[in-house]
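One structure below.
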Amino acid sequence: MSVTSGSDPKLKRRVARRLILYILLFSSIITFLGTSLQLYLDYSKDVTLIEQSMEQMESSYLPSIINSLWVSDHAQLKTLLSGMLQIPDMQNLEIVQDGEEIISLGSPASQNIITRTFPLSYNYRGEDIHLGDLMVYASLTGVYNRLLDKVLVILGTQAVKTFLVSTFIFIIFYLLIGKHLETMADYARSFNINNLESSLTLQRRSKKGVEKDELDQLVVSINQMRLNLKNSYDDLRYAKERLETEIAEKISAEEDRARLVMAVENVIEAIIITDPAGTILYVNPAFEKISGYSSSEALGEKLKPFMSQEGGGKFYDDIWRSVSKGAPWMGRFSNTKKNGARFVEDATISPIVDSGGKTVNCVVIRRDVTKEEMYEKRFHQARKMEAIGTLAGGIAHDFNNILSPIIGYTQLLLRSKEEGNPDKELLEEVLMASKMAKDLIKQILTFSRIPDGELRLINPYIVVNEVVRLIRSSLPSDIEVQTSVSKECGMIKSYPTHVSQLVLNLCSNAGQIMMEKGGKLSLVLEPCEITDSFEIEKSVFQVGVLNPGRYIKLSVSDTGSGMKREVMERIFEPFFTTKAVGEGTGMGLAIVHGIVIKHGGSMTVTSEPGCGSTFEVYLPIADGQAQEAQTDELIVKGNERILYIEDEIHVAKSVVRMLEELGYKVDAHSDGQSAIKILKDNLDEYDLVLTDQTMPGIKGDELTKLALEIRPDIPVIIYSGYSPAFNYEMAKAIGAKDFILKPLILPELSASLRRALDTA
589 MSVTSGSDPK
599 LKRRVARRLI
609 LYILLFSSII
619 TFLGTSLQLY
629 LDYSKDVTLI
639 EQSMEQMESS
649 YLPSIINSLW
659 VSDHAQLKTL
669 LSGMLQIPDM
679 QNLEIVQDGE
689 EIISLGSPAS
699 QNIITRTFPL
709 SYNYRGEDIH
719 LGDLMVYASL
729 TGVYNRLLDK
739 VLVILGTQAV
749 KTFLVSTFIF
759 IIFYLLIGKH
769 LETMADYARS
779 FNINNLESSL
789 TLQRRSKKGV
799 EKDELDQLVV
809 SINQMRLNLK
819 NSYDDLRYAK
829 ERLETEIAEK
839 ISAEEDRARL
849 VMAVENVIEA
859 IIITDPAGTI
869 LYVNPAFEKI
879 SGYSSSEALG
889 EKLKPFMSQE
899 GGGKFYDDIW
909 RSVSKGAPWM
919 GRFSNTKKNG
929 ARFVEDATIS
939 PIVDSGGKTV
949 NCVVIRRDVT
959 KEEMYEKRFH
969 QARKMEAIGT
979 LAGGIAHDFN
989 NILSPIIGYT
999 QLLLRSKEEG
1009 NPDKELLEEV
1019 LMASKMAKDL
1029 IKQILTFSRI
1039 PDGELRLINP
1049 YIVVNEVVRL
1059 IRSSLPSDIE
1069 VQTSVSKECG
1079 MIKSYPTHVS
1089 QLVLNLCSNA
1099 GQIMMEKGGK
1109 LSLVLEPCEI
1119 TDSFEIEKSV
1129 FQVGVLNPGR
1139 YIKLSVSDTG
1149 SGMKREVMER
1159 IFEPFFTTKA
1169 VGEGTGMGLA
1179 IVHGIVIKHG
1189 GSMTVTSEPG
1199 CGSTFEVYLP
1209 IADGQAQEAQ
1219 TDELIVKGNE
1229 RILYIEDEIH
1239 VAKSVVRMLE
1249 ELGYKVDAHS
1259 DGQSAIKILK
1269 DNLDEYDLVL
1279 TDQTMPGIKG
1289 DELTKLALEI
1299 RPDIPVIIYS
1309 GYSPAFNYEM
1319 AKAIGAKDFI
1329 LKPLILPELS
1339 ASLRRALDTA
């Protein structure tokens, strides 16, 4: 593995430039807004002062001016006006009488002025005599000059402040984050298989009692990743060495057998030599290894007890009768070791005849093929799974079409019922059961290697309680359901419906076992810690590997009939069932097995005949918060016109009702040809096209391409009950806005429609 060492100076310069630029830009905006506000306030203050000065003129100077004007004392008038001009920002003062200017002081201006007119009236013997008008002109030029000076001062000080603050923030950012990012970047660039021992360490002060920040958590995660890689690499290296060792040993064994073909002491097959009557004369060491019996225990004994475990004595008698006639025998059968363990062996019995044709000895070659038979069973299981996949794909589309109107009409009825209506609770149960059926189809497709979708963080406490509520309503009253579900069990990372399917299958299986005589079903959900010292009892059957770590533990127990060990070893096989015909498919526990293994978990089964059964499932706990699911109340309506194409009439009717409930105007068609013609003839009439994918004639993807050729801007949504050859990515690739699966759920449908229409 080659790496380029050293940090990227261009990258650092770009980050520094962007940081400084953003700080300067933000500071400039704040400075501009603050300065603008300050200038506005100052301007308003100065204008107010001018107006107050004018009001002061009216109260202080106006009586004197009126008296002077009454006696025509022009000298006094000029003196008064000159005093008024000394008031700040006063530009010009005029006394006008009958439209003619009598006295004018100051310099007239035509721009940036505030004008005020004061009528001059003298009260003579109770009668007001109008002597003229005093025109006061105040200039805003001084105000503007003062504001300009203030702007320059503010901008200068703000520039210095911004520079200092930016420099300070940049230095702080570099000291707190930047230099550590460089350290992590250098560590990542130099990271390779040869230096997995070195951990990432940042030069930071550690404070006791202070919670770790994001950089500390990142360092911990990187070092944990390094440890995981190191462990994985060590495991791979060990596996490689072990494989090389095994290969070398096998090659050596093959060479030895080739050179020492007659040295039967070294062969892996058990070799037994008997006399014509079946008395054992010789056994090789492989016999001891396979059967568990020593040579001293076998020599002198009859062969019959060592190979007549299947079919009783008749099995051996039939074989020996054939061999006695000189005919070799070859076959496979189940046998028992000395310790009682069952195993499968291939055996060949060949008579050895002398020159006269008389049988003098018999040679028995036996080989333990338990593993080979296990591989064959796995192969047959894979073939069964292939059959399940074919079956699931065949029924998924039709079953989802059946569910579509059930779910659709149930949702519509629910929306029409008010809170407190007794029918609403029943409808909610129908909707929940229908959704469970929808999820079951997904699970069957999942089990037959259909993609699972997206992993999510799920709260098992919520899921288990929902399933328990459904289970209680489906079991007879003579089956008592006891639950202990801990809220503090944490989150698990799972596919959306797997946990509910797992719990439902285990509870349903337990309920069916007790259906005839009743009993008690116990369900416990709790967190647990698995350590290196944890051991599974030998009497317990285990599936999967239980590594040390934090798990949620789900225990489902029943007081039913229990089962034998040999039944426990087969209950997770597809199609294996102990129930009567028509009472079970043999798929429930097989699905549970697949879900547990897929989640990296483990499961144990404890059972004895007559003592009930206990299934314990261990699923790894994941860190994070569960994603909130959309609720049924989250409905987004619209009023656009939709061109809808669906060949199944009962599905189309329910979807049309759902669309109309959402406020849309719908034109429904049962085939793509007529829909395309309608779209051509009415280009601007429709806002969206909603089409099924699987239809006779034009399929949904072909219809989408034709619709977009006619009107490139029209949004198209494709939906399907099951289409293994078409998916969301393919729909997006041809221009569709969305691809959703039947049966349609009202909130999902409404959200998809709004997204498509709002982004068109």
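Here this note's numbering = 1-based position in the sequence shown + 588. Here a beta-carbon is modelled for each residue, glycine too, at the ideal position from N, C-alpha and C. Computed from a predicted model, the values in this text were never measured in an experiment.
Q | Cα-Cα separation between Val-635 and Leu-625, rounded to whole angstroms | A | 15 Å
Q) Looking at C-alpha atoms only, which residue of Leu-1278, Ser-1190, Tyr-881, Gly-1189 is the closest neighbour of Glu-1228? A) Leu-1278
Q) Whose CA, out of Ala-1348, Asp-1235, Ser-754, lies closest to the CA of Ile-1305? A) Ala-1348
Q: Could you spell out where the alpha helix (DSSP H) holding Phe-761 opens and where it closes?
A: 729-761
Q | Pick from Thr-705, Leu-665, Ile-1322, Leu-1142 that is closest to Glu-643, judged by C-alpha positions | A | Thr-705
Q: Taking all protein chains shown into account, decide if Ile-1230 is buried (16 or more other Cβ within 10 angstroms of its Cβ) or exposed.
A: buried
Q.
Output needed for Ile-700: all residues of its chain with C-beta closer than 8 Å, excluding positions within five of it in sequence on either side, in chain order.
A. First, the residue type needs correcting, since residue 700 is Asn and not Ile in the sequence shown. Ser-727, Leu-728, Thr-729, Tyr-732.
Q: Find out if the Cβ-Cβ distance for the pair Val-957, Leu-891 is shorter than 8 Å.
A: no
Q: To the nearest angstrom, report how far apart Asp-1066 and Gly-1107 are at their CA atoms.
A: 7 Å
(Q) Please report the straight-line C-alpha distance between Lys-1026 and Leu-788, rounded to a whole angstrom. (A) 48 Å
**Q.** Pairwise C-alpha distance: Asp-1272 and Glu-1161
**A.** 58 Å
Q) For Met-1246, which residues does DSSP report across the bridge? A) DSSP lists no partner for Met-1246.
Q | Per DSSP, cross-strand counterpart(s) of Ala-858 | A | Arg-954
Q: Have a look at Tyr-1139 and Lys-818 and give me their C-alpha separation to the nearest angstrom.
A: 24 Å
Q | Leu-673 beta carbon less than 8 Å from that of Leu-693 | A | yes
Q: Please confirm if the segment 873-892 is in contact with the segment 926-939, defined as three or more CB-CB distances below 8 Å between the two stretches.
A: yes
Q. Counting pairs of Cβ atoms below 8 Å between the segment 1256-1275 and the segment 1286-1296, do you hit three or more?
A. yes
Q) Which parts of the segment 863-934 are runs of the beta strand (DSSP E), unbroken and 3 residues or longer, counting only runs that do not cross its ends? A) 868-871, 917-924
Q.
Measuring only the C-alpha atoms, how far is Val-1184 from Asn-1053?
A. 19 Å
Q | Nearest residue (CA-CA) to Asn-1135, options Asp-1146, Glu-1117, Ser-1145 | A | Glu-1117
(Q) Please state the DSSP three-state secondary structure of Tyr-1316. (A) helix
Q. Could you give the C-beta distance for Lys-1330 and Asn-989, rounded to a whole number, given that I count them as a contact under 8 Å?
A. 6 Å
Q. So which of Met-1283, Gln-805, Arg-1299 has the shortest CA-CA distance to Leu-1276?
A. Arg-1299
Q: Kindly indicate which three-state DSSP category Val-1169 falls into: helix, strand or coil?
A: In this prediction, Val-1169 scores a pLDDT of 43, lower than 50, which makes its location untrustworthy; the coordinate-derived value is nonetheless stated afterwards. It is coil, neither helix nor strand.
Q. Cα-Cα, which of Lys-828, Arg-1057, Met-1103, Ser-1062 is closest to Val-559?
A. Outside the shown range of the chain (589 to 1348) lies residue 559, about which nothing can therefore be said.
**Q.** Where Ser-1190 falls: helix, strand or coil (DSSP)
**A.** strand
Q: Kindly list the residues whose CB is nearer than 7 Å to the CB of Lys-1075, restricted to its own chain and excluding five residues on each side of it in sequence; keep chain order.
A: Tyr-1049
(Q) Taking contact to mean 3 or more Cβ pairs, one atom from each stretch, closer than 8 Å, check whether the segment 1181-1198 and the segment 1237-1255 are in contact. (A) no
**Q.** Exposure label - Gly-720; buried when at least 16 CB within 10 Å
**A.** buried
(Q) Contact defined as beta carbons within less than 8 Å: I believe Leu-722 pairs with Ile-683. What is the distance between those atoms, to the nearest angstrom? (A) 6 Å
Q. Does the Cβ of Lys-1152 have 16 or more other Cβ atoms within 10 Å, making it buried, or fewer, making it exposed?
A. exposed
Q.
Quick check: what's the CA-CA separation for Ile-859 versus Ala-915?
A. 18 Å
Q: Assign Phe-614 to one of three DSSP states: helix, strand, or coil.
A: helix
Q. With which residues is Gln-1130 paired in a DSSP beta bridge?
A. Thr-1192
**Q.** Met-1020 (DSSP reduced to helix, strand or coil)
**A.** helix
(Q) Please state the DSSP three-state secondary structure of Leu-1332. (A) coil
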